[in-house]
Each structure stands twice: as structure tokens, then as C-alpha cells.
Amino acid sequence: MDQRPGTSGLIFNEPQLWDKSRKGRCGISLPRSDVERSEMDSSLTGDAPDLPQLCEMDVVRHYTRLSQWNFGVDSGMYPLGSCTMKYNPKTNEVQAARQGLAGAHPLSGDQFSQGALKLMYNLEQFLAQITGFDAVTLQPAAGAHGELAGMLMIHAYHAKNGRQRSKIIIPDTAHGTNPASASLCGYESVNIKSGPDGILEPSAVSAVMDEDTAGIMVTNPNTLGLFESNIKEIAQIVHAKGGLVYGDGANMNAIMGIVKPGEIGIDVLHLNLHKTFSTPHGGGGPGSGPVGVVKALEPFLPVPRVEKNLDTYAFVNDCPDSIGRLHTFYGHFGIMIRAYAYILSMGGKGLTDASKLAVLNANYVKESLKGTLNLPYDKPCMHECVFNDAIQQQNHITTMDMAKRLLDYGFHPPTVYFPLVVDGAFMVEPTETESKEYIDQFIYAVKAIAKEARNTPEKLKNAPVMTKVTRLDEVSAARKPCLRG
Ligand SMILES: *Cc1c(COP(=O)(O)O)cnc(C)c1O
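Quick note on numbering: the sequence shown equals residues 522 to 1006 in the numbering used here.
In C-alpha cells, the structure reads:
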């Protein structure tokens, strides 16, 4: 199956528009005007701007080519573990662009925003149902922002109970944003190690849990792509000492319709609408990180909240224990529309099937590449699987060399060197939207690269060779970006 989605041909050089400019060349050629020409007073207009002089085709080609330098999930498979780069159905974009929604103004007042408020209210209800929580806020603008909201609520809960605590337990398989969010709330992170099979052991939690610990932050499924199956017992240990359990639910696409985090001991959890609920992301674009909470934390949710009274919807600010406002107005409404459209078009069964497919696809990759790449935790995974370069290291080939070579085969590389618990991690999340054909091509490419690592390792050291720019100095590329083409 030597079919590569990529090709080395037809990659054009793209000089700057100024270099292509030719005096007198013009984008439009209209018939000569029959209105007499008169010069404007140049003291009013100033000098004409120094714009390149080009024909229409030059401009169209320039921007079309630049757009082709970009890689996105609309161009091909994007197996970036922990990021859920799945395909986003275009119908969600159509709904978000509807004039009544896209043109809604946040200052028009509740009375004239009933449709938008109803959408938000219903979306909160859907997410509460999917996660098993009592209440949801849609306000946080991203996953990490949701974590901050959750940690602020935990902080407010302990303050309300009369005694603030100083520490948070964070396992080594938590997402990197977790300790950062905890420390923004003034908590000190207590790191604990996961057990030999990649999940948390209750004994590790009970060894550190005390009455000065505000709670634990658990990423579930964790960053090894494994389900924390001791979560109920861990939650009991934390609750017994008065702590709370924060769940990082960014990986919800593995368990939608199958596990409700609110029913397994988790008190507060964020979702990533821009991962699980089908919104394009990457490039720092807008996201949305709703947070679900159990009843005990409901009073602390950010304001404004959306409430329904008979058939009328309203923003409510009168919540004395609230952690306050986290965002202007009510967060990223455009993302909420996409998630709402996605949930409605999928239905409950569709969401459950999506999770099953995400898990099936990841296990297919894991089983197919096991032996080609080293698999440190050899057990059924959830939506992603983590390999490393232990086999290729014998030929001095690293995860980075293989990731770079994948570009020559026409694939965006997976996540590399994360999670930190695995040395030289190579973390693949195929997602539920890739077909078997694409996944097979990816598997073929990785196997071909592993063969090169054995037979012609020097080929990998220079990779990529078929891309527009070849091996970059990663540090200089990040620190001294060349933004001028
Ligand atoms: C992506 C991710 C986050 C952070 O989400 P952002 O929207 O990028 O802030 C947190 N936890 C996990 C497990 C993630 O995958």
C-alpha cells in the first residue's frame, strides 16, 4: 500500500508581492471613463501608497499558494495526540454563520436575545446530561481557562467552609496545563507517580492526601490514553479528607455516552468544545472550555448564568458566592453554536458511536504498530496511544527524526516528547473521523520509516527532504522566527 497522500511536485516558490510588481500592471481593466479626469489636491491625499502593481491573476495565485502551504485537518490526517484534531462537519459552520446568530449583539439585552439564550441554556443542559453534572457554565474561553474556573471554584468552596488549603495533588499523567492552573490559584502542586500500568494507584493518593490538600486534578482518560479505572476509590480517599476532585475532561471524545464523570466521584470537570464537540482549532483560534459541577459547587459558578423561567430566558448576575466573571459577556458564542449543532446532528447514539470509533481507531493503530515502535504500556487504550523510540534508538534514530520523516510521506506528525512520563514519546490520536484507508496509509508510512531506520538511517537524519523547508533548527525557528518570507 505504497500510496502517499503527499507529493514532492507542484510546490511553488512564492516571492513577495513587491518582488513581482511591474510598473503599470493593474488588477482591473475597465473601459475608459467618459467622465473628465481631474487631479486631486495632493496636499489633501498625501503621496500615493507604495503598493505593488500586479494583475489579478498574480494576486489570486499568490494567496492561493500561500493557503496551500498551510496544513489542516481539511487537507489530511492530523494524528496529534492530546489535541483531538478530528474533522469538523461543515454544517456546523453553516449554522454558526446564520445571520440571526452571527449578527446577535451582546448588548441587545435579554429581551431581544431569546434565541441565543435558549441555545446556551439548552447546550448547558446537553453537556450536563453528557457529563452527569448538576450544572454547567459555558463561559471559559479554552480548556485551560476552564481549569482555572474549576480551581477558583474549589478555592471558593474551601474559603466558604472556613479554612483554605494550600496544596493540590497532580499525577505525572496529568496534562501540563493542570499544575499551571492550580498554581494560578495559589496552590502548591504535589506530584505523584502513576503505577507500573500507567494509571493512578489509590495507595499513592492516600499517602499524600491530608487536610491541608484542597483536592486532586485527574486527567481522565489520562495523557497516556488510559482510563483511570481506580477513580472511584481515589475520589473516596480525597473526599474523606474534605478535598475535591477536579477532572480534566478534554479527552471526552473517548467516553461520551459511555462514562459520566459526574457519577464516578468527580466534582468539577472541564470539556473542550474545540476538541470533542467539533470546532476547528489550532493556531490559537477561539475555543470554549465549559465546566460542569456537582450541586455543592453550583453556587460558585461564574456569572452571568443563564436561567429559564417558564418560556423566557435571562442572564442572572445575582449569585453572591460566585467566583465572578471570567470573560466579557458570556464567552465565545460562535463556538457554542457549533457544539450545539454538532450535538443535535449526532444525537445521543451518534455521540456514543463517535467515542467507540475513537477508541477502536486508536487500538487499531496501537496493535498495528506494536513491534514496529516500542509500546511502553501494552494494554487496551482509549482514544490515543503512546509509543516511543526505544527500538530505533539502537540505530541512533529518535522520535524527532521519525516525526520529520513523516512529513515526506505526507502526514502531519503526531505529538512528540509528550507526555513526559514516556521517554521519546510518539503519541498518536487518529480520532473517530479518519477512515480505515487513511489510518492504513499512516500505519504503512510509519512502518516504512521504521524500515529506513534500520537500513538507511542517514535518510532520516536529514528529513524532511521533500517539503518546502527542510530540517529547521527548532530553537532558532521558535526564538527568531523569520516572518518576512
Ligand atoms: C488540550 C488540553 C487541555 C488544554 O486545553 P486548551 O483549550 O488548549 O487550553 C487541557 N487538558 C488536556 C488533557 C488537553 O488535551
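The beta-carbon is built from N, C-alpha and C at its ideal position, and this holds for glycine as well.
query, result
"Check whether S687 and E709 have beta carbons under 7 Å apart", "yes"
"Other residues of its chain near S704: CB distance less than 7 Å, five sequence neighbours each side excluded", "S710"
"Short Cβ contact (7 Å threshold) for G697 with G810", "no"
"heavy atom of ligand 1 below 6 Å from F852 C-beta", "Here residue 852 is Gly; the residue named in the question, Phe, does not match the sequence. Not so, every heavy atom of ligand 1 lies at least 6 Å from the Cβ."
"Nearest neighbour of R846, chosen from M674, P801, K870 [CA to CA]", "M674"
"Alpha-carbon spacing of L1009 relative to I752, whole angstroms", "One cannot answer for residue 1009 here, as it falls past the ends of the chain, which runs 522 to 1006."
"Identity of the residue in E905, A728, R992 nearest I960 by Cα", "E905"
"Contact test: G855 Cβ vs ligand 1 heavy atom, cutoff 6 Å", "no"
"Best match in S866, V580, S629, L551 for proximity to S542 [C-alpha to C-alpha]", "V580"
"Cβ contact check for the stretch 648-662 and the stretch 848-865: 3 or more pairs under 8 Å", "yes"
"Host alpha helix (DSSP H) of D769 (start-end)", "From DSSP, D769 is part of no alpha helix (DSSP H) but of the beta strand (DSSP E) over 765-769."
"Cβ neighbour criterion (16 or more within 10 Å) applied to A618", "exposed"
"Residues near E973 in its chain [Cβ-Cβ closer than 8 Å; skip 5 each side]", "R926, K980, L981"
"Buried/exposed call for E732, threshold 16 Cβ in 10 Å", "exposed"
"7 Å Cβ cutoff met for G602 and T936", "yes"
"6 Å Cβ shell around Y608 - same chain, five flanking residues per side excluded", "V594, T954"
"Boundaries (first-last residue) of the beta strand (DSSP E) holding E828", "826-830"
"Touching by the beta-carbon criterion (3+ pairs, under 8 Å), the stretch 758-773 and the stretch 738-745", "yes"
"Sufficient close CB pairs (3 or more, under 8 Å) joining the stretch 743-759 to the stretch 935-951", "yes"
"Strand pairing of Y834, partner residues [DSSP]", "K829"
"Backbone secondary structure at A862 - three-state DSSP", "helix"
"Where G813 falls: helix, strand or coil (DSSP)", "strand"
"Cβ shell of G636 (< 7 Å), same chain only, five flanking positions each side left out", "G621"
"Reduced DSSP category for A695 - H, G, I as helix; E, B as strand; rest coil", "coil"
"Candidates V986, A999, R525, E645: closest to V812 by CA position", "E645"
"L941 versus F908, E958, L538, residue with shortest Cα-Cα distance", "F908"
"Coarse secondary structure for E784, derived from DSSP in three states", "helix"
"Burial state of V986, where buried means 16 or more other Cβ atoms lie within 10 Å", "exposed"
"Inter-residue spacing [alpha-carbon to alpha-carbon] between V759 and M730", "7 Å"
"Proximity below 7 Å, CB of D910 to CB of A984", "no"
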